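Here is the structure we will look at, set down as structure tokens.
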Amino acid sequence: MAAPRGANQRDYSPADRLLMRLQQGLQALAPRPPDAGEAAAYPAARLPEAPMDRRARSRAAGLMRVNHAGEVSAQALYHGQALVSRDPKIRQHLLQAAEEERSHLQWCEARLSELGERPSRLSPFWYVGSFAIGAVAGLAGDRWNLGFVEETERQVVEHLETHLEQLPQDDQRSRAIVEAMKADEARHGDEAAAAGAHPLPMPIRALMRRVAGVMKFGAYRL
């Protein structure tokens, strides 16, 4: 949705922001080829495609499908949190992080295509559910909002580390993508902490792990 002439982010009504976030969600779920800048930044661009047997290729594809679903969820979390954020600076921080996560989404989508696979059929479900979780988290206040970002990114880094252990050793292309994503996610968590994040209580962190486990299980298979 285009902003009224002369308007800035603070001029948008709640309804305007909701429509903008939903539009971003549709863009996140719609496959599209990367533009020239994204193609140049693709971490696997200059790496050779390793010969893999059927089992190894299926394993790599399943893990990259989980990563793609995670990036869909990350987009939704940031959009939901930005929707209810009260502080314009924190809202902009969230939207900037979401824009960077969009590159990750494109990388995972490109790698899945190279492996002859497709994203999870449950992607719309991951987006809607994560958007709702992000909005609810954001209602607790901006410092808790940032705490949710910090904890989410910390858990994502752990998850990506396990994927580096599980990916076929010869699959340099997938491994390069995961390494690049891991570095960005760690930075997002550090930035949230520096912006004043409140650490989340242990029960909330444990619940987040369980929800993430459900997403991983479903996305790997579907």
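Sequential numbering from 105 applies to the sequence shown in the working numbering. A virtual CB, placed ideally from N, CA and C, is assigned to each residue, including glycine. None of the values given here were measured: they were computed from a predicted structure.
Leaving out five residues before and five after A202 in sequence, what residues of the same chain have Cβ atoms less than 8 Å from its Cβ?
The residue labelled residue 202 in the question sits at position 98 within the sequence shown. The residues are Q128, A178, Q179, Y182, H183, A186.
If we count the other Cβ atoms within 10 Å of its Cβ and call it buried at 16 or more, is F252 buried or exposed?
The residue given as residue 252 occupies position 148 in the sequence shown. So F252 counts as buried.
Suppose contacts are defined by Cβ-Cβ distances below 8 Å. Is M168 in contact with R215 by that definition?
What you label residue 168 is simply residue 64 of the sequence shown in a count that begins at 1. What you label residue 215 is simply residue 111 of the sequence shown in a count that begins at 1. Yes, the Cβ-Cβ distance between M168 and R215 is below 8 Å.
Alpha-carbon spacing of W211 relative to G238, whole angstroms:
The sequence position of residue 211 within the sequence shown is 107, counting from 1. The sequence position of residue 238 within the sequence shown is 134, counting from 1. The straight-line gap from Cα to Cα measures roughly 23 Å.
With distances taken from CA atoms, which of H263, A298, W248 is nearest R308?
Counting from one through the sequence shown, the residue named residue 308 turns up at place 204. The residue asked about is misnamed: residue 308 is Ile in this sequence, not Arg. Cα-wise, what sits closest to I308 is W248.
Would you be able to state if there are at least three C-beta pairs under 8 Å between the region 269-285 and the region 149-157?
yes
For a test of the three-state rule: what should DSSP assign to G245, helix, strand or coil?
In the sequence shown, residue 245 corresponds to position 141, counting from 1. It is coil, neither helix nor strand.
Taking 7 Å as the cut-off, is the CB of E283 close to at least one heavy atom of the ligand PLP?
Among the components modelled here there is no ligand, and therefore nothing to report on the ligand PLP.
Just reading off the alpha helix (DSSP H) that D275 is part of, what are its end residues?
Taking the sequence shown and counting its residues from 1, one reaches residue 275 at position 171. Taken as a continuous stretch (DSSP letters only), D275 belongs to no alpha helix (DSSP H), as it is neither H nor E.
Chain-order list of residues whose beta-carbon lies under 6 Å from that of S234 (same chain, five-residue window excluded):
Looking up residue 234 in the sequence shown gives position 130. Cβ neighbours of S234 beyond the five flanking positions: S177, A180, L181.
Within its chain, find whatever has a CB closer than 6 Å to the CB of A323; leave out the 5 residues flanking it on each side and keep chain order.
In the sequence shown, the residue the question calls residue 323 occupies position 219. Answer for A323: R169, V170, A173, S224, listed in chain order.
Suppose you measure from the CA of D275 to the CA of S162; what does that come to, to the nearest Å?
Within the sequence shown, the letter at position 171 stands for residue 275. Within the sequence shown, the letter at position 58 stands for residue 162. About 12 Å.
Are the CB atoms of A301 and L268 nearer to each other than 8 Å?
If you number the sequence shown from 1, residue 301 lands on position 197. If you number the sequence shown from 1, residue 268 lands on position 164. No.
Where K320 falls, given that 16 or more other Cβ within 10 Å makes a residue buried:
To locate residue 320, count along the sequence shown from 1; it is residue 216. Buried: at least 16 other Cβ atoms inside 10 Å.
Cβ shell of D191 (< 7 Å), same chain only, five flanking positions each side left out
Locating residue 191 in the sequence shown gives position 87, counting from the first residue. Hits under 7 Å: D246.
Specify the secondary structure class of E269 as computed by DSSP and reduced to three states.
Mapped onto the sequence shown, residue 269 falls at position 165. Helix, per DSSP.
So for G141, helix, strand or coil by DSSP?
Taking the sequence shown and counting its residues from 1, one reaches residue 141 at position 37. Below a pLDDT of 50, predicted positions are generally treated as unreliable, and G141, at 48, falls in that range; the measurement from the model is reported next regardless. Under the three-state reduction of DSSP output, G141 falls in the helix class.
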